[in-house]
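One structure below.
In my numbering, the protein residues as written are 1229 to 1645.
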């Protein structure tokens, strides 16, 4: 497929202008290598990958000499394969010079949690995460700015309508570049092969996982429970795992960016909310493939997983777009009295937006109750902080439906100019 400009590219350029080292990490096959090569060409730098045996051997044999000979910026792909020996050489080189943009390091594991690297490059590096394609990137349009929702307190209607079948097609496609380029009939096999590669090559090698079948069962369980509250005790009972093993496997899945944890939001409710986070699969195409579900099955009104997967799709889209809003964080809210909001957008200045996701084209007044409840409670306890509540749905309706409350189609997330 032709090169698709990534929205992170601008932030990556700014970071290279400001920091000595930039770390670009993200899931395997999310487009890091393509973006890194683009940056190297644009800036006249050099590119090497430690996934290549010869390059890795040369880098490990004499890392100082090898890295010093690379042009600026020196793009080092899959840096986790070089471990501390390579990263410490990077540290020594940048400590001897104040030059900005000396190294761009990429990796398919979380740079701050992979055990082969103990050197964090604190004070020297900026760390950016590249997600699979967002819908805005694939459409070639501007992405939603969450700050605009929080500041303007209104929603602009998208120029084109979409329907339930179209949304479910996007859910099953996911955002991995190679999967996007494939025909729908080929994507499920690609996703299953991807899972096998990540488990056998990344997690098993780095994490010394001895029960690969138990890890696969956990991944399938997480796909079936995406957008669900993480009840570790119940999960361990269902899977036959002890808590220690469960937590260790879960940590590895986070390290390879397969799942995303959304913490509970508690700033205004203190001890009266559940502290359990929600777990989301980081790509809905992967989740749908593992569950054996296609777009037609998801679009059926009788589907029991369309709601959770659609919420996962929206959460991932918001997370991919939040890279331009560094002061914004995503949370979930569940009060002990039963009040629950799917997604709470919380900015550092106290501004709050609330989002509900419904897999229906005809939302009812009852669907707005969680948004009204949060608005009213915050108006009493923290006046001025609740800015907007949005009910995202699969229909065409986009209009205000009360004080700071809106109905909006899901594609409002990627229809900016």
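We treat Cβ as the ideally placed atom computed from N, Cα and C, and that holds for glycine.
Given the structure is predicted, the values throughout are model-derived calculations rather than measurements.
Every beta strand (DSSP E) stretch that sits fully inside the segment 1230-1316 and reaches 3 residues is listed by chain position as 1249-1253, 1274-1277, 1302-1305.
At the C-beta level, residue 1546 and residue 1372 come within 9 Å of one another.
The alpha-carbon of residue 1631 is positioned some 11 Å away from that of residue 1618. Around residue 1327, the same chain offers 1248, 1300 as residues with beta carbons nearer than 8 Å, after the five sequence neighbours per side are excluded. Collapsing the DSSP output to three states places residue 1347 in coil. Residue nearest to residue 1368 within the set 1302, 1471, 1235 is 1235 (criterion: CA-CA distance). At a cut-off of 4 residues, the continuous stretches assigned as alpha helix (DSSP H) that sit fully inside the segment 1467-1531 are 1471-1483, 1512-1519, 1523-1527. One Cα belongs to residue 1513, the other to residue 1507, and the distance between them is close to 16 Å. Non-local beta-carbon contacts of residue 1561 in its own chain, meaning distances under 6 Å to residues more than five positions away in sequence, involve 1493, 1569, 1572 in chain order. The beta-carbon separation of residue 1363 and residue 1313, rounded to 40 Å, does not stay under the 8 Å limit for a contact. Of 1293, 1331, 1321, 1345, the smallest CA-CA separation from residue 1309 is found for 1345. Rounded to the nearest whole angstrom, the CA to CA distance from residue 1410 to residue 1534 is 22 Å.
Annotated as distal: residue 1627 and residue 1386, with beta-carbon spacing of 9 Å or more. Residue 1457 carries a strand assignment under DSSP once its states are collapsed to helix, strand and coil. Burial is judged here by how many other beta carbons sit within 10 angstroms of a residue's own beta carbon; residue 1360 has at least 16 and is buried. Residue 1440 carries a helical assignment under DSSP once its states are collapsed to helix, strand and coil. The segment 1441-1458 makes contact with the segment 1470-1485, as at least three CB pairs between them are under 8 Å. For residue 1547, the enclosing alpha helix (DSSP H) covers residues 1534-1549. Pairing residue 1297 with residue 1252, the inter-Cα distance amounts to about 21 Å. Annotation for residue 1585: no alpha helix (DSSP H) segment contains it, though the beta strand (DSSP E) segment containing it runs 1580-1585. DSSP places residue 1402 outside both helix and strand once states are collapsed to three, so it counts as coil. Excluding residues up to 5 positions away in sequence, 1440 lie with their Cβ nearer than 7 Å to the Cβ of residue 1432 in the same chain.
Non-local C-beta neighbours of residue 1274 in its own chain, meaning closer than 6 Å and more than five positions away in sequence, comprise 1298, 1299, 1302, ordered along the chain.
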